[in-house]
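Structure, as structure tokens:
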Amino acid sequence: MHFGIGGSEDGHLFYPKKVVAFRSRIGEGGYIIVDKGENKARLQLFSKRGDFIRRLQTPYLEYVSALTVNEASHLVVFSSSVMMFILDIDLLEPLVLKWNDCTKAIGEPSDVAVFRDRYYVTDYKNHCVVALNSDGEVLCRFGSFESTPYPIGVDVSTNGDVLVADSHGNHFHIYCCATDGQRLQEFECSQLKASYFNFVLACMQSGASKAYGEFYLIFQVSRCVGLRLTSEDLKKILFHVIVAQEIGEWHISETC
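Count the sequence shown with numbering that gives the first Met the number 0 and you get residues 0 to 255, in order.
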């Protein structure tokens, strides 16, 4: 499946930057896509079939650094000014349920994942992951330049293992740890040069606590977009794919 028409009008996509799937409490859900609006971020809502529904009016968001959907189906957004917003988007006009100033906790948010009411935010500037509660309070902090340099993606498995992605040093690197930051294992692809390529990681969950099945890395796009875990196969997209059939064993698959 693919959808979208290039353009700056509402319902079109103009340099799309981030996308997140969501489940609505009153409807079927769909996708929220962040792209460029009138000199600020534009958030648009699309159905599961890719039909345009509406634009989310968020004048308080100039630039979106990270976003996710929590267990209550609320949209959680981190702005470039390191403000955390929790929004109810089932209403015609998004309702700000809560907002927090996280400037003292995070230098530069690049991605966020939620697990059991904890928000794991990658801090690109400080080479770490910060775990926050819904009030923006720091629960723990882990990572360093040696283990998570310039992190650009984070996700949490159903077992509670936190995976942090980076492509620093011209190679793909995944750091796996417990929710308290204790290192479990690392995965690396040093044979292929990242050289500022962007990538998305979709990890096939095998059900084993410390085994993650097949890794899919999509690269050769404009910039890093993050890391996501999925229980389904990777959908066809128009990029090359790097596949790790086993942990630590990488190769390039054919173009999808």
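Glycine included, each C-beta is placed from N, C-alpha and C at the ideal position.
Residue span of the beta strand (DSSP E) that contains residue i, given as start and end
| i | result |
| --- | --- |
| residue 64 | 63 to 68 |
| residue 32 | 29 to 35 |
| residue 26 | Neither: residue 26 is in no beta strand (DSSP E) and is coded neither H nor E. |
| residue 109 | 108 to 114 |
| residue 121 | 117 to 122 |
| residue 43 | 40 to 46 |
| residue 131 | 127 to 131 |
| residue 164 | 161 to 165 |
| residue 138 | 137 to 141 |
| residue 134 | First-last for residue 134: undefined, no H or E at that position. |
| residue 152 | 152 to 155 |
Those residues which DSSP pairs with residue i across a bridge
| i | result |
| --- | --- |
| residue 186 | 173 |
| residue 83 | 77, 99 |
| residue 17 | 33 |
| residue 51 | 45 |
| residue 5 | 12 |
| residue 91 | According to DSSP, which records beta bridges pairwise, residue 91 is partnered with nothing at all. |
For residue i, the nearest candidate out of the options (CA to CA)
| i | options | result |
| --- | --- | --- |
| residue 41 | 8, 22, 26 | 8 |
| residue 105 | 162, 33, 142, 74 | 142 |
| residue 98 | 136, 71, 119, 114 | 136 |
| residue 115 | 89, 79, 70 | 70 |
| residue 50 | 76, 59, 12, 183 | 12 |
| residue 168 | 145, 155, 84, 37 | 145 |
| residue 60 | 45, 86, 26, 119 | 86 |
| residue 157 | 127, 112, 30 | 112 |
| residue 39 | 79, 28, 23, 19 | 79 |
| residue 72 | 108, 28, 14 | 28 |
| residue 91 | 181, 44, 30 | 44 |
| residue 48 | 30, 6, 55, 155 | 30 |
| residue 10 | 186, 36, 187 | 36 |
| residue 123 | 108, 117, 163 | 108 |
| residue 74 | 32, 102, 103 | 32 |
Residue i, buried or exposed, once every other Cβ within 10 Å from all chains shown has been counted against 16
| i | result |
| --- | --- |
| residue 17 | buried |
| residue 234 | Its pLDDT being 35, under 50, residue 234 is placed unreliably by the model, and the measurement read from it follows with that caveat. Under this definition residue 234 is an exposed residue. |
| residue 34 | buried |
| residue 119 | buried |
| residue 4 | exposed |
| residue 207 | Note that residue 207 scores a pLDDT of 34, beneath 50, so its modelled location is shaky and nothing firm can be said. |
| residue 88 | buried |
| residue 20 | exposed |
| residue 172 | buried |
Integer-rounded CB distance, given that residue j should sit under 8 Å from residue i
| i | j | result |
| --- | --- | --- |
| residue 67 | residue 93 | About 15 Å; that fails the 8 Å criterion. |
| residue 150 | residue 121 | 4 Å |
| residue 148 | residue 165 | 6 Å |
| residue 82 | residue 110 | That belief does not hold up - the Cβ atoms of residue 82 and residue 110 are roughly 16 Å apart, past 8 Å. |
| residue 129 | residue 226 | Not really, about 16 Å apart at Cβ, beyond 8 Å. |
9 Å Cβ cutoff, residue i in contact with chain B
| i | result |
| --- | --- |
| residue 185 | Here chain B cannot be found, since the structure has a single protein chain. |
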